[in-house]
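Peer 1: This is the structure, below, for whatever I ask next.
Numbering (the numbering used here), first residue to last: 16 to 206.
Okay, here's the thing in structure tokens:
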């Protein structure tokens, strides 16, 4: 595994090290607009950003381009393939503490966009981690799978109380859609 001490390559900030979105140590899955090296933008559900680090905390700089501030984007935080937290984004640029632990063990942390493109884009501007923490490259699988469907494929309303519930971005969870669950199941047994 490739190992890197951040104080040798990252930009040290007060209390932490900034990892820009174009770092080779950040892995992306899904469609991202990468034309601006200071902000990678995604629209589609299950777009995923990953980092592997032994930092005791991780902050993420995220811009929520929600179309309607009453229907913000939501992200799922996954730590070593287990759901860690759900975060309701606030329209505009915010710094979110997405992970915190007393342990310095290496772990893979993922940010997954729960909401569909109709809710709005999300701009990722980078991570901040402990100043002397390490990061490792994430090995990507050669396996590729594409699901083509409708809003059910994206998890539309899959966390609603009942079928008559009105649409809310809070009840849409693409991470738990049949498509996302299916690919995770395939990857467990094939990768």
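C-beta atoms are modelled at their ideal positions from N, C-alpha and C, and glycine is treated no differently. Everything numeric in this text was worked out from a predicted model, so none of it was measured.
Buried or exposed: residue 119, going by 16 or more other Cβ atoms within 10 Å of its Cβ?
Peer 2: So residue 119 counts as exposed.
Peer 1: Buried or exposed for residue 109, going by 16 or more other Cβ atoms inside 10 Å?
Peer 2: Of the other Cβ atoms in all chains shown, fewer than 16 fall within 10 Å of the Cβ of residue 109; this residue is therefore exposed.
Peer 1: Terminal residues of the continuous beta strand (DSSP E) containing residue 64?
Peer 2: 63-68
Peer 1: When burial is assigned at 16 or more other CB atoms within 10 Å of the CB, is residue 75 buried or exposed?
Peer 2: buried
Peer 1: Taking only three categories from DSSP, how would you classify residue 134?
Peer 2: helix
Peer 1: For the candidate residues 148, 40, 89, whose alpha-carbon lies nearest to that of residue 133?
Peer 2: 89
Peer 1: How many whole angstroms separate the CB atoms of residue 65 and residue 153, which I take to be in contact at a CB cut-off of 8 angstroms?
Peer 2: Rounded to whole angstroms, the Cβ separation of residue 65 and residue 153 is 5 angstroms, and the two are in contact under 8 angstroms.
Peer 1: Using C-beta distances below 7 angstroms, list every residue in its chain close to residue 42, excluding the 5 sequence neighbours before and after it, in chain order.
Peer 2: 65, 153, 155
Peer 1: Once DSSP output is grouped into helix, strand and coil, what is the label at residue 186?
Peer 2: helix
Peer 1: Can you name, in chain order, every residue of its own chain whose Cβ lies under 8 angstroms from the Cβ of residue 34, other than the five neighbours on each side?
Peer 2: 21, 25, 40, 41, 66, 141, 142, 143, 144, 150
Peer 1: If we call anything under 9 angstroms between Cβ atoms a contact, is residue 113 one with residue 92?
Peer 2: yes
Peer 1: Taking 9 angstroms as the cut-off, decide whether the C-beta atoms of residue 128 and residue 70 are in contact.
Peer 2: Here residue 128 is not near residue 70, since their CB atoms are 9 angstroms or more apart.
Peer 1: Let me make sure I understand the geometry here. Which of 177, 37, 32, 58 has the alpha-carbon closest to that of residue 137?
Peer 2: 58
Peer 1: Relative to the C-alpha of residue 168, which residue among 84, 184, 131, 176 is closest?
Peer 2: 131
Peer 1: Please report the straight-line C-alpha distance between residue 97 and residue 121, rounded to a whole angstrom.
Peer 2: Residue 97 and residue 121 have their C-alpha atoms spaced approximately 15 angstroms apart.
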